[in-house]
Every structure is written in structure tokens, then in C-alpha cells.
Amino acid sequence: MLEVKLHDIGEGMTEGEILHYLVKPGDEVKTDQPLVEVQTDKMVAELPSPAAGIVKEIIVEAGTTVQVGTTLLYIEAEGSAQAAPEQPKQPEEPSTAPVAEKQESRPFVSSFNRVLATPYTRKIARDHNIDIEQVLPSDPSGRVTEEDVYRFLEQKEAPAVAVAEKPAASTAPAASQPTEAPEEIPFRGLRRQIAKKMTKSLYTIPHVTHFDEVNMTNLMKLREELKGAGQSVSVTAFFVKALVIALKDFPIFNAELDEENEKILLKKNYNIGLAVDTEDGLIVAVVHDADKKSIKELHQDIKRLNEQARAGQLSSKDMKGSTFTISNVGPLGSTGATPIINYPETALIAFHKTKKVPIVNEQDEIVIGHMMNLSMSFDHRVADGGTAVAFTNRFAGLIEQPNTLMLEMI
Amino acid sequence: MVVGEISQERDLVIIGGGPGGYSAAVRAAQLGLSVTLIERDKLGGVCLNKGCIPSKVFTYAAKKKAEMSHLQQIGLPAVEGTFQLDQLIAYKSKVTEQLRKGVEALCKANKVEVIQGKAGFTAENKIGVEYGHQFDVYVFKQAIIASGSSPVLPGGITETGKRILLSHNIFSVEEMPTHLLVYGSSYISLEVASSFHALGAKVTVLWEGAADFSFDESVNKELARLFKKKKIKLIKQAAIQSAEETAAGVHVTLQAGGKEEVLEGSHLFVEGSRLPNTKELGIGRFAIEQTEKGFIRVNKDMQTSLPSVYAIGDVTEGPLLAVKAIKQGKAAAEAIAGERTEVDLTCIPTIVHTIPPIASVGLTEQEARERVGGVRTSKFNLGGNGYAAITGKRDGFVKVISDASTDLILGIHMIGEGAVELSSHFVQLLEMAAKEEDAKFPLYAHPSYNEGLLEAVEGLVGQAVHAVT
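Heads up: the protein sequence lines correspond to chains R and L, in order.
First residue of the first sequence? That's 1 in my numbering, and the numbers climb one at a time after it.
First residue of the second sequence? That's 1 in my numbering, and the numbers climb one at a time after it.
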């Protein structure tokens, strides 16, 4: 009998609410088949089945909030099924007894939450009064090295000195200005998750960022016209549309490098990740199959994803599977950035503020143009600068002549 | 006339001279503290006098006996006669006495004051020690409670005697069991079953539960195979209702598979459970937090909720193992001496001295699959190990589990000769947060059982030389 427990889905979560079960006792399940939907403080996630078998019993009722590590249900794994008919009456009793026994003999296993650092590294942290779990690992596996601890220490040095000086100051109260203790923000949950992902991406992928500018004048005009006709469509929807078209011409940017198997996988799905800035931090919401959607459908999708992301109601499906990510920071401002790629994707584009600037048109006249900068970071292992420029040229061409998008209508 | 209480002052008082208590005492003395150690019985505690050491005398003898047929294969003469239990017990007494004297000498050399008697708290900073008619009171600055645990009989069994035995007296059994019933499933029951079988007894193991052994699934399977091969019978879901000693043996009534059954044997070994020795300490009156069962709650410095009092070993929560007590004892002493310490039991090795022995560290394959997306596993059978071919100990394997995305080693499990000695290597790898390459790169003595570990690691990436996949 297999216990299916609520495990940490990867945000450093400690508890979750059981929304509803996707299976019932007696159901046959396959390995990785989703069993239950769980709401964490950030998202809705599905727990997959660890093995193929039959659902025996559901322990925790839907609607209950439970701690990580709680057993939710039991699965009779395939192959062990023959033993069941012998004791059909009370599966309860024999199954509770061995669990208790197991805990008795190896209670520590359930808390296998290893600190990924050598004992010496841990000692350095301990001796400097640092919680090693707060130290950001430079190794993508999460292993904290001595250097990581010393780097953390250097960053903390200044406030640490201030703290050390405090008792001295209190013995001479009349002395100069008191040193204010720094405010502490817990480095956990989504923040820590973001840190981990960014570190992994930056330490794995050799990033190159190239900048370009796009004339948005025609697109602005088109949006005004559509608005006049009662159709309000966001700029992002046009970006996604143009992007998908450009990606089809340059599939190398809709790809993932599988270094271990020496392959570059050109993805056949066009799932566009949208970086959404929520109160708790950065989340990537995903527009699935963007190439199969009209601009209007894209607009509706993006609107829904933005709203749900801000309300913390994204389902796990809405948060995974992206093949290319964009970050539309324009509404907030900014003229340039060196964005970090959403690992393991190949590229990411950030769109900046659209500004009215004097430009020289084709008739060599100075006119008012709506100009926007974009910053595209790409994986230099997979693609080269020339290809990236050709790619953004194709993208810019579509945005500058939005009528051409019509040709790609589905 | 009122006779005033005369109390003596001490820096650090430790209650209990078991492995945790005396390790704490010696470490505290090394760090310059003046230490008083109170022991009500014998230094060394349950571990040295009744537990770990005596049981290993038996498992060692059993292992040697099991080797005899192989020794003849290599030309050594057969040993005449049968196994002499009384001689082994005398040997056991000699070993424990020798080790106990060693502990006494260590205490003396480190200027640890050892006081014989029963200790109890009379105030938050006072401990009374009763010895016969004498009663002395010590005022302490800091105290460490290391009073250990005592066995508790499971339901259905009301008394023990010459034939119904607990772990502290099975290794003083007066006559060699002919048919030993073993009631329990943790490491001590497995060791008793395995060693008494090797020494010549018929063995039947009774389990209350229906679960398998508590190791990695592959180890469970191999152990079950070896038990079956040796004809050690295993009855699961067998709950003892009553047990009585008769002139010739034991009479056991049990509920097995819904039916009442009667089982006869010459002796019954009862694993039972253990409860902390906290009642007699009288700490209930003070602000020392305890669990429902009486285990003392401590923080990571081993400090109780009363800051001047620390607790270590079996009286605290967690596994009831000497390895834990020793580590905690040293940590508590260091914390009291002002050092920053930490006890992390995550990578505690599970060791069972069966024939062959078992060592297990970290996650089992099943646990790893529950926690990590992709795992790699590799099992190297000792049948492919050159040294095992020499010693004739070809049963068992080394199994390694790693995280496929980070290469981090998550668990190492071994059943086979050399497992106990190799376990330190396993623990080291896990504590160092080793990746596959960290275990693959070093040089391994040849020929040796160590190579079993190397090849299991190489097998993770399909590179074990002496295995055909």
C-alpha cells in the first residue's frame, strides 16, 4: 500500500488546502496521473500518482487545509493487489499498525530535509551566526559552498558590525547617534523560489542581450481604430501574435537545449510565458498554443491570466509549459534591461516604455513617432547574434506594419 | 532543632552515565568545565551493559559460526563440539567489564567526579542524590539529563522470566533456546532472530503489523529471501494475546489473520517499546516541557525549556539509539561551554547486524521517487565483487539512489558483508552533499568490498565494469 502525501511542490510551502480529488476509491490510476488538486498560497497544483494501481482510501476530506507531509490517500500499487482479498474486512487496522511501527524504527526519515552543504561549510555559517538555509547557492543543484557563505557574509558585513556595536553604544547612552537595527524580511516562499530559478538560469545559460527599437506608430493608430469600433485589444496581444509568427520563421528561439543528450529540441508548441509582477513577486503565466489563437482570443487569455495571477488563482497548468517568455515592463517605464532567460528556454524579450519622439520618416521629414525599445536575451550556446537580430527585425516588421498580421489570421 | 540542608556547589551535573552522559562529561571536561556525573547503576548504561555491546557479542559469535563451513573450504580444520552458550556469556561479561573499566578510567583521567546514586531534582537548580541511607544535595549552574529509557511490555504480555525475555536479558539467557519466538520487527528483533538462528536455534518471527521490513524495497526483498533460505519463519499480523512460561518452554496465544492460534516455543523474545526515565527525576514540578509519553523537549542545542537544564539521548524525542545520544551529549557539552553546535540526525545510519548485515542512509528509492522528479538508481550485486568471491560472502548488494537532474546522491543502502564498516562512507557522501562524480572519482582499494560502492555509483550512468545490464 502506497501512501500519497502532500509534498512541497516547490515554493517552500508548508501547508495546502485540498480543493478536490480527481479520483475516488476503487479507481484505477496510472503513474503520474493527477490525483488531487491542492491550493497553496500562490497557486493551484495537481499531485500526480507515484505509481500505477488502485485508489484504496481517501484520508483527508476535500476542503481541509493540511501540513506538508500529511497522508492524503492510499494507493494499492500494481502487483501487490493479490494480498488484498485475504483481508477484505478491515484494511484499517493492519495498515495503521505498520505505519506506527515504521515511525518507531525510523522516525527521522520523514523529515529528510537535508542541508546541501559540507559539514565544514555548515560550521563556517554556524560560527558566523548565519542560517545556512538563507545562503543562496551558486551551484544549480542547490549545494552551498564555502564561497557562497563568505559572499553572503560580505553582503551582511555592514549590518553585522552595527549589531555588534550596539551593546557598546548602550553603555554610553549619551554618545552619538544610535544605530538602527535593519528591518528583516523573511527570504522564503516565492521570493526564494525566484532566486533559485534566476540563479540556475544565469549560472547555466551564457546570456547575451541585444537591444532594438520598434516604431509603434501604426500599431497605436490601429488600436485607436479598433477602439473606435468597440474592440479594445491590448498591445501585449499583438506582441504575442507577432512573436509567434516570428518564432515560426526562427524556430531556434522556441527551443530547449538538452545538453546531456547533445540535442536542441525545437518545440512544436508555441506557449508564450508572460512575466507578471504580483505583490509577492514575479510569476510566469502561460498562454498555451498561442499560434492557434486569434488576436482577440489572445487578448482575452492574457487578461484572464493577469487577473488570476494577481489574485493568486492560477492553476498549475497556467504556470507551466512555456516555450518562450516575454516581459512587458513598458507600462511601468524603463528604456532597457538585461533580462534573465526563463530556464530552460532559449530566449526572452522585455518590452519597454513607448515614447513619443521625433523621428525621420521615409520622406526625410521629422515627424512624431511612437518608439519602443526591446531587450532580447538569448542563449549563446544555441543561437548567435546575427540570428537574434534577424529575428527581432522580423518581429519589428510585423509590429510596424500591423496590417501584415492580417495575413496570418487563422 | 532544625537540621539545615547542606548543599554542595557544582558547575555541571550530568544525570546518567550511559554513552550520552559520559561522552558529554568527557567533552565538557576537555573544554575546561568541572563535571559531576551521577550514575545509579553501572557506567556505560544500557548500551554497554545490556544493549548494544552484549547484542554485538552475540551477533559477532553468530557471524563466526556461520563462517565455519566456508573455513573448511579453505583448508582450516573443522572445530569439534557444539556451541557453548555459557562460555559466550562469560566472554560477554569480560568484554563489558573491560569496556566499563575503560569508561571509568576515562572519567578519572578527565577529572570527572563520578557519584553513585539515584538523582532527582529538588529545585530548579538543585539535584538530590540518594545512595542507601545517604542523601546529598548539589546546587548546579547547568545540568544535563541523560537518564535513558526503560523497556515496556506490549499488550498481552504481563511478565518476563527465564523464558520470556526482553532485550536487556536475552543476552544473558541461561540455556540455549531450541525454538525461539521473536516478537518484534525493528533492528534488535532482526538481530536476535538472525544470530540465535546461526547459533543453532529454530526461529519464528512474529509481527504485529502487515508491513514489510522497513528498509529500501530491494533490501526488504533480499532480507526476506535470505530469511526464507535459512528457514526463519515470519508470521505477519500476529498479535500476542497472552504468553505463559511452562516448565519446558513458552505457551503463546496469538491472533493471526483473524484466527486464534497457539504457538509453543522454548523461549520468547519480546522487543516491546521503551519509555523515557523521567518520572523519578521529579521534573514535572519545574518548567521542563515534556511530551505526552514523558520525552523531554529540547532545542537544537539540546536545551530544555528550563535554560539551565539540557537533555540528551533516549529521554529526548527521536530514535532511541546510542549514536544519537553520543552526538547530542557532545553537542550539549559544547553548547554549555559556549560553542555553537548543531545536531542533525538527517543522515543517521540505520544499522542491523544480521547475517549479512544491513546499512542504510538517506532516502529509499520509494521515498526518493515521492520527493524528486527524476531519480536514478543502481544496484551492484556482491556476486560481481572480487573480494566477496574470496571470502565466499556473495549475498547482497549495494544500492545507490541519485537525483537525475542534479546528480546529487540521495540514498545508499547495502545488505552484505562489510555494510557496517562501509556505512561511514555512505554517511560521509550524504553529509558532503556528494554528487555522483564525487563518489566515482576517488580510488577504491582493490580487491575490497568498497568496490561494491564504486560500481553501484558507476552503475547509475551504466558504467559498472563488473555488471552486465
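We put the CB at the ideal spot given by N, CA and C, even for glycine.
### Message
Assuming K34 (chain R) is part of the beta strand (DSSP E), what are its boundary residues?
### Response
In the sequence as displayed, the identity of residue 34 (chain R) is Pro instead of Lys. Counting along the chain, the beta strand (DSSP E) containing P34 (chain R) begins and ends at 34-39.
### Message
Using a 10 Å radius around the Cβ and a threshold of 16 neighbouring Cβ atoms, would you call S34 (chain L) buried or exposed?
### Response
exposed
### Task
Find the nearest neighbour of N306 (chain R) within the set R:K197, R:R188, R:V68, R:N328, judged by alpha-carbon distance.
R:N328
### Message
For V389 (chain R) and T236 (chain R), what's the separation of their Cα atoms in angstroms?
### Response
21 Å
### Query
Contact check, A238 (chain L) vs W207 (chain L) under 8 Å by CB: the rounded distance?
6 Å
### Query
With 16 other CB atoms within 10 Å as the buried threshold, where does N299 (chain L) fall?
exposed
### Query
Closer than 8 Å, Cβ to any Cβ of chain R: which residues of the segment 419-444 of chain L, in chain order?
Within the segment 419-444 of chain L, the residues whose Cβ lies closer than 8 Å to any Cβ of chain R are, in chain order, L430, E431, M432, A433, K435.
#### Entry: Local conformation of R274 (chain L) per DSSP, three classes
If DSSP states are grouped into helix, strand and coil, R274 (chain L) belongs with the strands.
#### Entry: Beta-carbon contacts of L408 (chain L) that lie in its chain and below 7 Å, excluding the five residues immediately before and after
S402, A433, K435
### Task
Using a Cβ cut-off of 7 Å (strictly closer), state whether R369 (chain L) contacts chain C.
Here the protein chains are R and L, and chain C is not one of them.
### Query
Are the C-beta of D127 (chain R) and some C-beta of chain L separated by less than 7 Å?
yes
### Euclidean distance between Cα positions of H425 (chain L) and A331 (chain L)
22 Å
### Query
So which residues of chain R does E342 (chain L) contact, with C-beta pairs closer than 8 Å?
R122, R126
### Nearest-angstrom beta carbon gap, T391 (chain L) and E417 (chain L) [assumed within contact, 8 Å]
Distance from E417 (chain L) to T391 (chain L) at the Cβ level is roughly 6 Å; contact confirmed, criterion being Cβ atoms closer than 8 Å.
### Query
Taking buried to mean at least 16 other C-beta atoms within 10 Å of its own C-beta, is P77 (chain L) buried or exposed?
exposed
### Task
Spell out whether any CB of chain L is found under 7 Å from the CB atom of L116 (chain R).
Yes - at least one Cβ of chain L is within 7 Å of the one on L116 (chain R).
### Task
Can you give me the start and stop residues for the beta strand (DSSP E) that F135 (chain L) sits inside?
134-145
#### Entry: Any C-beta of chain R under 7 Å from that of I377 (chain L)
Note that residue 377 (chain L) is Thr in the sequence shown here, rather than Ile. With 7 Å as the cut-off, T377 (chain L) does not count as an interface residue toward chain R.
### Query
By the criterion of Cβ-Cβ separation under 8 Å, what are the contact partners of P119 (chain R) in chain L?
E431, M432
### Query
Taking DSSP as the reference, what is the three-state secondary structure of F58 (chain L)?
Here F58 (chain L) sits in helix by DSSP.
### Task
State yes or no: is the beta carbon of R143 (chain R) nearer than 7 Å to at least one beta carbon in chain L?
It does; some Cβ of chain L falls within 7 Å.
### Cα-Cα separation, S141 (chain R) to G17 (chain L)
43 Å
### Task
Could you name the residues of chain L that N113 (chain R) contacts, counting a contact when the two beta carbons are closer than 9 Å?
The CB of N113 (chain R) comes closer than 9 Å to the CB of T346 in chain L, given here in chain order.
### Task
Whole angstroms is fine: what's the gap from Q313 (chain R)'s alpha carbon to H20 (chain R)'s?
15 Å
### Query
F213 (chain L) to F380 (chain L), Cα distance in whole Å?
Going by the C-alpha atoms only, they are around 21 Å apart.
#### Entry: Test: P50 (chain R) CB closer than 7 Å to a CB of chain L
yes
### Task
Verify whether the separation of the beta carbon atoms of I245 (chain R) and L116 (chain R) is less than 7 Å.
No, the Cβ-Cβ distance between I245 (chain R) and L116 (chain R) is not below 7 Å.
### Query
Nearest to M372 (chain R) by CA position, among R:R304, R:L274, R:S138, R:E213, is which residue?
R:E213
### Contacts that K5 (chain R) makes with chain L (C-beta to C-beta distance below 9 Å)
E370
### Task
Please classify M68 (chain L): is it buried, with 16 or more other beta-carbons within 10 angstroms of its beta-carbon, or exposed?
exposed
### Query
What three-state label does DSSP hand Y21 (chain R) in the structure shown?
Three-state result, Y21 (chain R): strand.
### Element boundaries [beta strand (DSSP E), containing E130 (chain L)]
Note, E130 (chain L): beta strand (DSSP E), 126-131.
### Query
If you count every other CB in all the chains shown that lies within 10 Å of the CB of A287 (chain L), and 16 or more means buried, which is it?
With fewer than 16 Cβ atoms within 10 Å of its Cβ, A287 (chain L) is classed as exposed.
### N- and C-terminal bounds of the alpha helix (DSSP H) containing H207 (chain R)
Looking at the DSSP string, H207 (chain R) is not in any alpha helix (DSSP H); the run it does join, the beta strand (DSSP E), is 207-215.
### Distance between K399 (chain L) and P494 (chain L) (C-alpha atoms, nearest Å)
Since the displayed chain L opens at 1 and closes at 469, residue 494 (chain L) lies outside it and no answer follows.
### Task
Give the single residue among L:E159, L:P154, L:A439, L:K228 whose Cα lies nearest to the Cα of R274 (chain L).
L:P154
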